[in-house]
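Chemist: Our numbering numbers the first residue of the sequence shown as 1 and each following residue consecutively.
Backbone N, C-alpha and C define an ideal beta-carbon position, used for all residues, glycine too.
Let me begin by handing over the structure; questions about it come next.
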Amino acid sequence: MSIITSLKNRVLRNRMLLSNFSYISIFQMLNIIIPLIIYPYLIRVVGKGLYGEIVIAQSIMFYFTIIINYGFNVSATKSISEYRGNWKLKNEIVNSVYAIKLGLFLFSFAIITIITLIRFEFIIPHKILIILTAHLCLFEFIFPLWYFQGIEKMKYVTIINMLSKVSIIPLFFLFVKSSEKYYLVPLINGIGSIITVLAVMYVMIRLEGIRFSYKYAKKIGYCLKKGTPIFYTRLIAVFKDRSNILLIGVFLKPSDAAIYDLAFKIVNLVLNIFYNFSNVLFPNISANKDFTKYRKIIMYTCFISFIIMLLLFIFSPLAVKLLGGIEMVEAVVVLRILSVMIIFSTFSSLLGIPLLIKNQIKTYLRNSIYTTSFYFLLVIVALIFLNVDILVISCFLPLTIAFEAAHRYFYYRKLNLENG
1 MSIITSLKNR VLRNRMLLSN FSYISIFQML NIIIPLIIYP YLIRVVGKGL
51 YGEIVIAQSI MFYFTIIINY GFNVSATKSI SEYRGNWKLK NEIVNSVYAI
101 KLGLFLFSFA IITIITLIRF EFIIPHKILI ILTAHLCLFE FIFPLWYFQG
151 IEKMKYVTII NMLSKVSIIP LFFLFVKSSE KYYLVPLING IGSIITVLAV
201 MYVMIRLEGI RFSYKYAKKI GYCLKKGTPI FYTRLIAVFK DRSNILLIGV
251 FLKPSDAAIY DLAFKIVNLV LNIFYNFSNV LFPNISANKD FTKYRKIIMY
301 TCFISFIIML LLFIFSPLAV KLLGGIEMVE AVVVLRILSV MIIFSTFSSL
351 LGIPLLIKNQ IKTYLRNSIY TTSFYFLLVI VALIFLNVDI LVISCFLPLT
401 IAFEAAHRYF YYRKLNLENG
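Printed below as a string of structure tokens:
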């Protein structure tokens, strides 16, 4: 009976943490599960080649979303978490973040427009996909995930995101009937993004009481100072995280991008559970500084991730067949290679939190620089000495993440972060 009582008390003490972990996990997993639901249909109707072009266009937009985000998913989350009880400061931070993001959005959209005007057909023959996929930048500009993570109220955004994502699923089956309608895929996704941001902004204004005015944007310098180191880190890191798709676009076929994307989405579905756990822990550990409990969390979480990695490796053929169909069987080996990332990514992500909380921003940035340099070293060596194919490119990311985790662990022990 005492064990049950102890477990009950532990759950009650961490109720807010568990609640937000559940909601943010649902939120992130929906962003991966919904595309996987329609994946077999789109591959069959649109074809691997055109769908691969859509994937490459999304990968290009991801670089711009990093610019627009400017590290605020970490720095602004931390600031909102610390000042959640002070409406004035919280409102000033929100307005300042949006003022910065507006400028970055306009800058990014101008660059995207220029890209569509130059010759880019060697990567994406259908350049209209670049403009239609730019809704990802608009979503990044407006969607205040950092705010709701900071106040630890993910319920609203999760429900809204779920309803908007589910509501657009029938549109794919109703309107995307042939390969000629390929342009409707990013267009329908854009409709879902607009519905989501409008509904979430309504909640932010009406229920949270946030007021928008240039008069409140008094913390621009503060937000830039807090966000800049994280931005540099994320900008450097994105080259290792997302460049595989571009390498496939340049050196291989768009259809190979579709194969890699399926495997990456499946692995990402698993990884997002652990990433979300880290995201939920960040404001909580930032507030209470309980590093004793955090050491145990790292150990248990990594053990679970290792078991899941083994299961995914074993059942890769079943996962690919269910989600991609028999025509995507080439993704099985790619999935097995990428599945190795699960244990290393989980470990690396958890080790990054103490570095940020203890303001070891330079160390965090140094880790990103070394890791990305290691990635490009692998790419250069492969291009010189190997016959580059999808399997070789797939190996780059797991090896790089393993290096990142080992390097972070070195600093974790060197700086004695395990003892707070």
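In or out: Thr133 buried (at least 16 other Cβ within 10 Å) or exposed?
Modeler: Classification of Thr133: buried, given that the 10 Å Cβ count is 16 or more.
Chemist: Indicate the three-state DSSP secondary structure (helix, strand or coil) for Gln149 in the structure shown.
Modeler: helix
Chemist: Does the separation of the CB atoms of Lys215 and Thr371 fall below 8 Å?
Modeler: no
Chemist: Runs of 3 residues minimum, wholly inside the region 206-272: which ones carry the beta strand (DSSP E) assignment?
Modeler: none
Chemist: In angstroms, rounded to a whole number, what distance separates the CA positions of Tyr232 and Leu104?
Modeler: 14 Å
Chemist: Can you say whether Leu262 is buried or exposed, counting buried as having 16 or more other CB atoms within 10 angstroms of its CB?
Modeler: buried
Chemist: Could you check what DSSP says for Val94 in three-state terms: helix, strand or coil?
Modeler: Correct three-state label for Val94: helix.
Chemist: Considering only C-alpha positions, which residue in the set Gly249, Lys226 and Pro354 is nearest to Ile390?
Modeler: Per the Cα distances, Gly249.
Chemist: Using a Cβ-Cβ cutoff of less than 6 Å, which residues in the same chain neighbour Val157 once the five nearest sequence positions on both sides are dropped?
Modeler: Phe148 and Val200
Chemist: If you draw a straight line from the alpha carbon of Ile401 to that of Ser345, how long is it in whole angstroms?
Modeler: 6 Å
Chemist: Can you give the Cα-Cα distance for Pro229 and Phe403, rounded to whole angstroms?
Modeler: 21 Å
Chemist: Rounded to the nearest angstrom, what separates Ile100 and Ile220 at their Cα positions?
Modeler: In a straight line, the C-alpha of Ile100 is about 7 Å away from that of Ile220.
Chemist: Can you list, in chain order, the residues of its chain with a C-beta nearer than 6 Å to that of Glu92? Leave out the 5 residues immediately preceding and following it.
Modeler: Tyr216, Lys218 and Lys219
Chemist: Using the three-state DSSP reduction, which class does Arg84 fall into: helix, strand or coil?
Modeler: Arg84: coil per DSSP, three-state reduction.
Chemist: Tell me, to the nearest whole angstrom, how far the beta carbon of Phe313 is from that of Arg336; I am working on the premise that it is less than 8 Å.
Modeler: 5 Å
Chemist: Taking just the CA atoms, how far does Tyr260 sit from Ile380?
Modeler: 20 Å
Chemist: Whole angstroms are fine: how far does the CA of Tyr183 sit from the CA of Val332?
Modeler: Distance between the alpha carbons of Val332 and Tyr183: 28 Å.
Chemist: For the alpha helix (DSSP H) holding Val55, just list the boundary residues, first then last.
Modeler: Lys48 to Asn69
Chemist: Measure how close the beta-carbons of Tyr412 and Leu365 come, nearest whole angstrom, since I'm counting them as under 8 Å.
Modeler: Actually they do not touch by this definition, with Cβ atoms about 16 Å apart.
Chemist: By alpha-carbon positions, which one of Ser59, Ile266, Val340 and Lys78 ends up nearest to Cys395?
Modeler: Val340
Chemist: Is the CB of Phe64 under 8 Å away from at least one CB in chain C?
Modeler: Note that chain C does not occur in the displayed structure, where there is just one protein chain.
Chemist: Buried or exposed for Phe410, going by 16 or more other Cβ atoms inside 10 Å?
Modeler: By the neighbour-count rule (16 or more Cβ atoms within 10 Å), Phe410 is not buried but exposed.
Chemist: Any idea if Asn387 is buried or exposed, counting beta-carbon neighbours within 10 angstroms, 16 or more meaning buried?
Modeler: exposed
Chemist: Does DSSP put His135 in a helix, in a strand, or in coil?
Modeler: helix
Chemist: Applying the 10 Å Cβ sphere with the 16-neighbour rule, what's the burial state of Asn86?
Modeler: exposed
Chemist: Tell me the DSSP secondary structure of Lys358 in three-state form.
Modeler: The three-state secondary structure of Lys358, taken from DSSP, is coil.
Chemist: CA-CA distance, Gly47 and Leu129?
Modeler: C-alpha of Gly47 to C-alpha of Leu129: approximately 15 Å in a straight line.
Chemist: Where do the ends of the alpha helix (DSSP H) carrying Val332 lie?
Modeler: Ala331 to Ser339
Chemist: Assign Glu180 to one of two classes, buried (16 or more other C-beta atoms within 10 Å of its C-beta) or exposed (fewer than that).
Modeler: exposed
Chemist: Using C-beta distances below 6 Å, list every residue in its chain close to Ser79, excluding the 5 sequence neighbours before and after it, in chain order.
Modeler: Ile93
Chemist: Measure the alpha-carbon distance for Ile4 versus Leu322 and round it to whole angstroms.
Modeler: Summary for Ile4: the model assigns pLDDT 49, below 50, so the residue's position carries little reliability; its value from the coordinates is reported in the next sentence. Computed Cα separation, rounded: 39 Å.
Chemist: Pairing CB atoms from the region 102-116 with CB atoms from the region 160-175, are three or more of them under 8 Å?
Modeler: Here the region 102-116 makes no contact with the region 160-175; the two share fewer than three CB pairs at distances below 8 Å.
Chemist: Comparing alpha-carbon positions, which option in Ile205, Ile393, Met154 and Phe139 lies nearest Gly192?
Modeler: Phe139
Chemist: Taking DSSP as the reference, what is the three-state secondary structure of His407?
Modeler: helix
Chemist: Residues in its own chain within less than 7 Å of Ile308 by CB, not counting five upstream and five downstream?
Modeler: Val270 and Ile342
Chemist: Just how far apart, CA to CA, sit Thr116 and Gly49?
Modeler: 20 Å
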